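Comments concern the structure below.
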Amino acid sequence: MHRYVVRRLALALPTLLGLMVLSFTLIVLTPGDPAVELARRRAPSGEATPLDIARAREELRLDRPYPVQLGEWILGLGRADLGRSFSTGRPVSTELADRLPATGQLAVAALMLSVLLALPLGALAALHRNSPLDQLLRIGALLGASLPGFFLAYLLIVVFATTLHLLPVAGRGEPQSVILPTLTLAAGPTAILSRLVRASLLEVLGEDFIRTARARGLREGAIVARHALPNALLGVITIVGSLVGHLLAGAVIVETIFAWPGVGKLAIEAIQQRDYTLIQGIVLFVGTVFIVVNLLVDLSYAVVDPRVRIGAAGAA
Amino acid sequence: MALVIALIAVVIAAACAPAAAPVAIPQKDPNADIRVAAGEDQWPAQGETFKSTTYSYPLNVNVFEPLVILGSDYSLKPGLAESWELVPPNTWRFHIRRNVKFHSGHVLTADDVLWTWGERQMEGKTLSTVVNTLGPGSVKQVDDYTIDITPKVPNLRLPEQILHPEGAILQRGQQQDTKPPNGTGPFKVVEYKPADRVIVERFDDYWGPKPEAKRITFRFLPDAQTRIQALRAGEVDFIIDVPPDAVRSLDSAGFHIVRSKPGRNQLIYVYRNGKAPHDITGEKAVRQAIALAVDRKAYVATVFDDNAEIGRAMAPAAVLGKFADQIPAATYDTARARQLLDGAGWAPGADGIRQKGGRRLSLELIAWAEVTSTALEFLQSQLKAVGIDTVIKKAADTPTYSNYYRENAFDLDLEVPNQNDGNPAFLPVLRMYSKNPGTERFAPGGAFDDIAGKALSATSVEGAQDASAQMTKILIQEDFTVIPLAGLYRLYAMRKGIDLAGPHPSATNQLWMTLSGSK
């Protein structure tokens, strides 16, 4: 187990380093000149002089060779220094810290809802394979996975807020204001997860040990709950990592429509303002979250499935 | 006698008749607490030095006030200066209003104006139109309630420029982003949650007429459809910036729509002084043909669902006063447009697009990010009808547009400029006067520059209005450098019982004093 953890960590570190290089380089390659943008923002007339641009270039350290810029940027990350936002003048880390609680609340709520809905729905579909209920759940999953987030968001607003007056339209004021954005954000992951649970469960239900359990006279409910579902969930845990990425990407649209002051909305604001340092910080942050969550998923996989750690130890 | 008796009987009967049922007149509620949905949060947080240049939308002059206020008819009204006068040759003397309190309780004096204009503004952070004309020692305190501003170059338009919300007066030592916000305006900020809401309440010690509502909550809902749904759901009472295509449905659903007079014009600036490959519009015949090829009436109907006026000038008509009538309405005449292009040697090619010397009459059209695809495609089809090909370069955001503009990668530039100050010559001079930096793309020079000089040195507002109208006429009717398309209203929607009297054409000058609720 210990070796497995070390090996996973050793694999995560170069991935993280690759992400740092990529997020820095992407901004360097993006059309437009950050120095011109910064100088233009500061110029009283909005028209920057060559001297203004040269000063901005020096301040942003863009006058140095690319490897030096990259090295200094990565060293700055060690001090949690992501630079300052062009549009607000505040540290990027502060901007992210201000918006993180809102996105965290939304992402955790959506992930929990997805898991809580997908498990029973997937199990029901598997246990009633090819029945009308299975077909109905299949259509539901298809809709959930294919409806664009913005369309679902407006649909939910019109039904639950405008027509039924049950929930607020937007904002992060009252506790119930989290419901509609959570439903919107959770729709896609729930659909994907429920289909995966169904497929995994059907596969496990065809295994020899299930046949043995049935031969021993165990009740079907106990077979599913105690033996089939835990084994089926092993594959599901893996997908949770990529669902976090799905949730963070979806948050950009959902947070804008629901006026939810999170990292997704900050990303849109940063892109609209062409706030290079902020975009860089957000890309790095989201990528890091994705890497860390996948690392945790891999480690938890080893905890719940002895074959993984034994296999890892054997391979080592 | 019988007649007299009959008349008396009628009078008595009338007097005894039950009075007609009184018509219920809604009473304004002095304690109204109104919920407003605004767009993106632009209120500056602490230390946000760059964002403060957005002058705190959507509150602006409601919290911080300038010396002079721009009326909704674009006339100049006393603000924190009770009066002002020109002391020849080039000094503007402002007499500061007495007994004005900041929200902090501090009493306004000329020292605060000296701080704002003599020290803080000179750091060069805001209101460049005025700051660029000032130098060290330009602002002097005469006594506790008198301040002199002497631009280093003659600037007779200063009172019309200084009224911009960016020029609002701050208490000595403070900034626009100092928290809590501290101005002299009719509303004081009681709560601010970034990207969520700002709540203001009536300032009881305000020097002027009191606001009609006691409290206003501005919620930041950047998405226009979300704002509309919030109004329909009863979550807000009033929404800002209604999309023109949503007006009809909101109106039919029983919501009250309020339109300001046009404060912004959609205009095409034609790249007059470009070099190859952007030199085609250097030909006057091409520019004139473009101006003749656009059916403005159809444009307004198609793009704005008739929630705009047909464009006629650069600045809002009110800015030009009685001189606005000097600018004739634009003509739509495709036959004449074709004739002009034929005459200039642009002959129709096989695909209907004109050519000259093997070169196609193909133009690149850029536009501000807010301009819709419908607008651009409409113009493309209109120009195609006379044989002009248009390549639309739609910018998804302002920086992308700015890149196209800075790199001169366009022939036609569709903009939606604001008139946020009272200077009648502001837009023509800013964009077309060759002595102004950044005008080299469009400036016609010659007679235009002579009149621009007159506008800047006019000693009266009327003189500046007259000159501005003449400049506009040259640009639109003679040189065809500017093609006005539509005059845009500010559109507001509200539930019944809420009203906004006299909406300002300029959003940054919008006072919420007249936003009211009924009992």
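Chains as they are written, first to last, in this note's numbering: chain A, 1 to 316; chain B, 1 to 519.
Backbone N, C-alpha and C define an ideal beta-carbon position, used for all residues, glycine too.
Note that this is a predicted model, so its numbers are computed, not measured.
Exercise. If I'm right that GLN141 of chain B touches ALA168 of chain B with Cβ under 8 Å, what's the distance once you round it to whole angstroms?
Key: About 18 Å separates the beta carbon of GLN141 of chain B from that of ALA168 of chain B, a gap too long to meet the 8 Å contact definition.
Quiz item: What are the boundary residues of the beta strand (DSSP E) that includes SER362 of chain B?
Solution: Taken as a continuous stretch (DSSP letters only), the beta strand (DSSP E) holding SER362 of chain B covers 362-367.
Quiz item: Would you call the CB atoms of ALA161 of chain A and LEU167 of chain A closer than 7 Å?
Solution: Their beta carbons are under 7 Å apart, which means ALA161 of chain A touches LEU167 of chain A by this criterion.
Quiz prompt | Stretch pair the region 436-453 of chain B + the region 267-275 of chain B: three plus CB contacts closer than 8 Å | solution = The region 436-453 of chain B, when compared against the region 267-275 of chain B, does touch it at the 8 Å Cβ threshold.
Quiz item: For ASN60 of chain B, which three-state DSSP category applies?
Solution: The DSSP-derived three-state label of ASN60 of chain B is helix.
Quiz item: How about VAL197 of chain A and LEU119 of chain A: are their beta carbons less than 7 Å apart?
Solution: Taking 7 Å as the Cβ cut-off, VAL197 of chain A and LEU119 of chain A qualify as a contacting pair.
Self-check item: Residue-chain proximity (ARG274 of chain A, chain B), Cβ-Cβ < 7 Å
Solution: Taking CB atoms only, ARG274 of chain A has a neighbour in chain B less than 7 Å away.
Exercise. State yes or no: is the beta carbon of GLU235 of chain B nearer than 7 Å to at least one beta carbon in chain A?
Key: Chain A, which has a Cβ nearer than 7 Å to the Cβ of GLU235 of chain B, makes this yes.
Quiz item: Closest by CA to GLU85 of chain B, which one among B:ASP144, B:ILE388 and B:ARG157?
Solution: Per the Cα distances, B:ARG157.
Practice problem: State buried or exposed for VAL159 of chain A, treating a residue as buried only when at least 16 other CB atoms are found within 10 Å of its CB. | Solution: Under this definition VAL159 of chain A is an exposed residue.
Practice problem: With a floor of 4 residues, list each alpha helix (DSSP H) that falls wholly inside the region 400-449 of chain B, ordered by position along the chain. | Solution: Counting whole runs of 4 or more residues, the region 400-449 of chain B contains the alpha helix (DSSP H) stretches 426-432.
Quiz item: With 16 other CB atoms within 10 Å as the buried threshold, where does LEU164 of chain A fall?
Solution: Counting Cβ neighbours within 10 Å, LEU164 of chain A comes out exposed, since fewer than 16 surround it.
Quiz item: So with Cβ pairs under 7 Å, would you call GLY287 of chain A a contact of chain B?
Solution: Using a CB distance cut-off of 7 Å, GLY287 of chain A does not count as an interface residue toward chain B.
Quiz item: Mapping DSSP to helix, strand and coil, what is GLN171 of chain B?
Solution: Reduced to three states, the DSSP call for GLN171 of chain B is coil.
Quiz item: In the structure shown, what three-state DSSP assignment does TRP117 of chain B receive?
Solution: Correct three-state label for TRP117 of chain B: helix.
Quiz item: How about ALA259 of chain A: is its C-beta nearer than 7 Å to some C-beta of chain B?
Solution: Closer than 7 Å to some Cβ of chain B, the Cβ of ALA259 of chain A qualifies, so yes.
Quiz item: So, is the C-beta of SER52 of chain B closer than 7 Å to a C-beta in chain A?
Solution: Here SER52 of chain B scores only 45 on pLDDT, less than 50, and its place in the model should not be relied on; the value that follows carries that caveat. No, its Cβ sits nowhere closer than 7 Å to a Cβ of chain A.
Quiz prompt | 8 Å contact criterion, which LEU414 of chain B and GLU212 of chain B should meet: CB distance rounded | solution = By a beta-carbon distance limit of 8 Å, LEU414 of chain B does not contact GLU212 of chain B. Their separation comes to about 38 Å.
Exercise. Please classify SER518 of chain B: does DSSP put it in a helix, a strand, or coil?
Key: Here SER518 of chain B sits in strand by DSSP.
Quiz item: Is it right to say VAL304 of chain A is buried, meaning 16 or more other beta carbons lie within 10 angstroms of its own, or is it exposed?
Solution: By the neighbour-count rule (16 or more Cβ atoms within 10 Å), VAL304 of chain A is not buried but exposed.
Quiz prompt | Closer than 7 Å to chain B by CB, GLY32 of chain A | solution = For GLY32 of chain A, the answer is yes, since a Cβ of chain B falls inside 7 Å of its Cβ.
Quiz item: DSSP three-state call for VAL169 of chain A: helix, strand or coil?
Solution: In the structure shown, VAL169 of chain A sits in coil (DSSP, three-state: anything other than H, G, I, E or B).
Quiz item: With a Cβ-Cβ cutoff of 7 Å, do PRO244 of chain B and GLU309 of chain B count as a contact?
Solution: The answer is no: Cβ separation not under 7 Å.
Practice problem: Just grab the DSSP bridge partners of LEU520 of chain B for me. | Solution: This structure gives no information on residue 520 of chain B, because the portion of chain B shown stretches from 1 to 519.
Exercise. Confirm, please, whether the CB-CB distance from ALA170 of chain A to ALA259 of chain A is below 7 Å.
Key: Yes, the Cβ-Cβ distance between ALA259 of chain A and ALA170 of chain A is below 7 Å.
Quiz item: Where do the ends of the alpha helix (DSSP H) carrying ASN231 of chain A lie?
Solution: Residues 229-257.
Quiz prompt | Nearest-angstrom Cα separation, counted from GLY83 of chain A out to GLY76 of chain A | solution = Whole-angstrom Cα-Cα distance: 8 Å.
Quiz prompt | Residues of the region 408-426 of chain B with Cβ closer than 8 Å to any Cβ of chain A, in chain order | solution = Cβ contacts with chain A come from no residue of the region 408-426 of chain B.
Self-check item: Whether ARG202 of chain B touches ARG219 of chain B by CB criterion (7 Å)
Solution: No; because the gap between Cβ atoms is not below 7 Å, this pair is not in contact.
Quiz item: Expressed to the nearest angstrom, what Euclidean distance is found between the alpha-carbon atoms of ILE498 of chain B and LYS77 of chain B?
Solution: Straight-line Cα distance between these residues: approximately 26 Å.
Quiz prompt | Neighbour-count burial assignment, TYR66 of chain A, 16 or more Cβ in a 10 Å radius | solution = Answer is exposed; the Cβ neighbour count stays below 16.
Quiz item: Residues of chain A with CB under 8 Å from THR226 of chain B, in chain order?
Solution: Those within 8 Å of THR226 of chain B in chain A are ILE157, VAL169, ALA170, ILE257, PHE258 and ALA259.
Self-check item: alpha helix (DSSP H) runs wholly inside the region 58-108 of chain A, at least 4 long, in chain order
Solution: Runs found: 66-78.
Quiz prompt | Limits of the unbroken alpha helix (DSSP H) element including ASP33 of chain B | solution = Unbroken run through ASP33 of chain B is the beta strand (DSSP E), 33-38; no alpha helix (DSSP H).
Quiz prompt | Contact set between the region 172-202 of chain B and chain A, restricted to residues whose Cβ is under 9 Å from the partner | solution = Per Cβ criterion, the list reads LYS193, PRO194, ALA195, ASP196 and ARG197.
Quiz item: Is the Cβ of THR162 of chain A closer than 7 Å to any Cβ of chain B?
Solution: So, interface residue.
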